[in-house]
Structure formats: structure tokens, C-alpha cells
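Asks: Take this structure first; my questions come after.
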């Protein structure tokens, strides 16, 4: 697929890409599975940006257990990051868990509220109807028992406080990366773009999502299901592969201290890379917004932006490969989130990303076999929150 076509797709929700790839309606919810890609083996050449099947990865997985929910009951689901808080309703017991189950969506800027509870009050007022009895909140921070301290915002969220103020009978806090990993189970083949060829096998899968921060979730195979798990792997240190990467990281370390993957592979990280590269090169850093930098790189209208995003993609490929090696992610690696979707025209034609992913010395053969996909749909955190709540409620009912 030509870059011009992908550029157009990046601003149109990839609908044209789906129609071009498959005229039939995509499956409502395709489980993920060991499937051989077109060609022979992990080295098969595939067309960049082409959708690939992941319908075998969860073939062992039984249907999610049904919770004992009242007919017509809705859950409240939320996905809360450092910049935006998304609230929606999702019907209990809905089959599949795809786009159709997300209703009454509202998106709030976190800066407009002093606390998470204040944002939820605004949603309750906007809803103007009976508030659900059950809720699942996917939130950017490590869950400690029944509460979360957000990593990139000074909010503390507690299950007990939510029950008292909003009258929930059931409320579940989960890490946002865990919810997005669960949400991967709801997407079909037409919702994926292939970034790197490979052969998905029976084993763990990884989901990497970037926004204000960098989240990493894992899908681990169990006896009859796939368990979504949170990690804090986004806070691992970055390992440079080139003199330029080393110069950028050393400069930022001198200014800020420890340089984690999240510090550079995130929305704010794009701006940091851009400014650091401008300083090293003696270039004019005329842009100050990560979205503007990304857009200029995709459109080819600013050379410094293009070099900064090239550096971002190389660092991302290396980091994703390191994680794939650490988790033994034979089931594949999935990229999700708006930042990666906006970069799709460049990621789908990126030899350096794949080379960085595979540059693992004696383990190169292992990671070379691992496929990488980009999820092109939004709201995976909300979808995953619904699935997580359904499963947890069912486990409690049968336990």
C-alpha cells in the first residue's frame, strides 16, 4: 500500500483499508491464534499495512463466563489516562464486546477537574438517568488492593469512596493496560494492520499502548482462558542502539535524571525527542506539540519532525523486541492507542522498526518469528473494562 493511501487512511479511521482488504463484514469478535502468515514461515514477505488474521491465538479460550446480571442492566465503564477521562455505558451480558456495546460516551479533559470523583459527578449529571449499579474503572496507575494513585496525575481513586458516593454495589479498579489487553480479545481481523511478519504461536502476547504515559499489558495462556495482566514495564530503562540514540538519552538524563521508556515513547516523549534532537543538531525547534510534530512527520512537511519520529520508531521497535524477549511473547505483540494509529502511515513501511525489534544478538531468530500488529480501533480500554467486570463478577458468583 502506498504511503499516500495510508496517510489518507490515518485521518479517516481506516475504513477504506477495511473495505479494500475484505468486502465482507468483519467478524464481530475474532479470537487471537497461532496462524501462519502469507508466504513461508517467519521470513515471508507481506505487503505493508495489510490486515492479517489473528483468529487462532485464543482458540483454546472458552467463552467468557456470563455474570448473573439483570436483563437490561448496564455497567459503567471508564478509561482514565493522564490527559483524558472517558466514561460510557455498556450493556451487561452483551455478546462479543465490540464497538456496539459502548454507549453514552463522554470524554473529559482531566485538567478540568480536581479529582476523579469530580469528573464522574459530571458524567452522572450528563447522563441524566439512573446510574448503573456496577462499574469498572481502567486507570493509568498500579492498582494497590482497592485503590490507585495515578502515575501522571495527582489523583487517588478508591473503590470504597466510589461505593459511598455513587452507590455502586460492585466496583472494580483495573490498570488501564490490563483493560486494553483484555480489549484486544474483542477485535476482528479487519481491525489490525501488520507491522512485522511472523508466525503467532501458542504463548503469551503483549499489548503496548502509548498516550500521556506508556502502558504494557500481557495476555497469558491458562487452561481454558487467556488472563490479561498489568505490568509496569513502561518504566523500564531504554537501551540505545546507536550513537545518536545514546547522545539523546545522555542529554536528557543530564537534564532530568533517569530516562525510562515512558519518558520518550509517549505523547510528551515525542516533544522531548524533538527538542533534544534540535539541540544536538543545532536545528530550529519551531513546533511544541506532539500531535503537530507527528502530523508534520507523516505529511513530510518538516525535516526535524521526520527525524524525530524516525528516532521514536527505532526506539519503539527496540523496546518492543526487548519486551517480547522478556515475556516470551510467541503469541505476538499488539500496538494500541491514538499515538500509534496516527503513526500508522510510517510504521507500516518501516524497515528500521523491524530491524530494531529483531536486533537481539543470539536471540534474533526467536524474536524474528514474532508478529507485530497495530490495532486501528479506539475504545479498547472501555471494551476491556466491560469484559473484565463481567469475568470478575462471574468468578465471584461461581466462587
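Numbering (the numbering used here), first residue to last: 1 to 399. No residue lacks a Cβ here, since even glycine has one placed at the ideal position from N, Cα and C.
When we look at the beta-carbon of residue 371 and count the other beta-carbons within 10 Å, is it buried (16 or more) or exposed?
Replies: For the purposes of this step, residue 371 is taken as residue 371 along the chain shown, with counting starting at 1. Answer is buried; the Cβ neighbour count reaches 16.
Asks: When burial is assigned at 16 or more other CB atoms within 10 Å of the CB, is residue 242 buried or exposed?
Replies: As a position in the chain shown, residue 242 is number 242, starting the count at 1. Flag for residue 242 reads exposed.
Asks: What are the complete alpha helix (DSSP H) segments, minimum 4 residues, inside the segment 151–231?
Replies: Correct list: 159–166, 176–183.
Asks: In chain order, what residues of the same chain have a beta carbon less than 7 Å from the beta carbon of residue 155, not counting five sequence neighbours either side?
Replies: Indexing the chain shown from 1 puts residue 155 at position 155. So the qualifying residues of the chain are 115, 116.
Asks: Whole-angstrom Cβ separation of residue 315 and residue 302, contact assumed at under 8 Å?
Replies: Along the chain shown, one-based indexing puts residue 315 at 315. Along the chain shown, one-based indexing puts residue 302 at 302. So it is not a contact: roughly 19 Å between Cβ atoms.
Asks: Kindly give me the distance between the Cβ atoms of residue 92 and residue 86, rounded to whole angstroms, as I take these residues to be in contact under 8 Å.
Replies: In the chain shown, the residue the question calls residue 92 occupies position 92. In the chain shown, the residue the question calls residue 86 occupies position 86. Residue 92 to residue 86, Cβ: 19 Å. No contact.
Asks: Please report the residue range of the beta strand (DSSP E) in which residue 402 lies.
Replies: What the structure shows of the chain is the stretch from 1 to 399, and residue 402 is not part of that stretch, so it cannot be assessed.
Asks: Is the beta carbon of residue 263 closer than 7 Å to that of residue 257?
Replies: The residue given as residue 257 occupies position 257 in the chain shown. The residue given as residue 263 occupies position 263 in the chain shown. Contact flag unset, no.
Asks: Counting only the same chain and skipping the five closest in sequence on each side, list residues whose C-beta sits under 7 Å from that of residue 367.
Replies: Residue 367 sits at position 367 when you count from the first residue of the chain shown. Same-chain partners within the cutoff: 321, 324, 325, 357, 358, 360.
Asks: Check each candidate in 82, 310, 238, 334 and name the one with the smallest Cα separation from residue 195.
Replies: In the chain shown, counting from the first residue as 1, residue 195 sits at position 195. Residue 195 has its Cα closest to that of 334, out of 82, 310, 238, 334.
Asks: Within the same chain, show all residues whose beta-carbon is closer than 6 Å to that of residue 174, passing over the 5 residues directly before and after it, in chain order.
Replies: In the chain shown, the residue the question calls residue 174 occupies position 174. Excluding positions up to five away in sequence, the list reads 138, 388.
Asks: Could you check what DSSP says for residue 32 in three-state terms: helix, strand or coil?
Replies: Numbered from 1 along the chain shown, position 32 holds the residue referred to as residue 32. Low local confidence applies: a pLDDT of 41 at residue 32 is under 50, so the model's placement there is unreliable, with the coordinate-based value given in what follows. Looking at residue 32 - three-state DSSP - the assignment turns out to be coil, as it is neither helix nor strand.
Asks: Identify whether residue 256 lies in helix, strand or coil by the three-state DSSP scheme.
Replies: Here residue 256 refers to the residue found at position 256 of the chain shown. Helix at residue 256.
Asks: Compare the Cα-Cα distances from residue 166 to each of 122, 145, 188 and report the closest residue.
Replies: Counting from 1 along the chain shown, the entry for residue 166 is found at position 166. Ranking the options by Cα distance to residue 166, first place goes to 122.
Asks: Could you check which residue in 81, 253, 340 has the C-alpha nearest to that of residue 153?
Replies: One-based indexing of the chain shown puts residue 153 at position 153. Out of 81, 253, 340, 81 has the C-alpha closest to the C-alpha of residue 153.
Asks: Starting from residue 147, follow the beta strand (DSSP E) in both directions and report where the run begins and ends.
Replies: Numbered from 1 along the chain shown, position 147 holds the residue referred to as residue 147. It spans 147–149 - the beta strand (DSSP E) in which residue 147 sits, taken as one unbroken run.
Asks: Are residue 215 and residue 250 close, meaning C-beta to C-beta below 7 Å?
Replies: On the chain shown, position 215 is the one that residue 215 refers to. On the chain shown, position 250 is the one that residue 250 refers to. No, the Cβ-Cβ distance between residue 215 and residue 250 is not below 7 Å.
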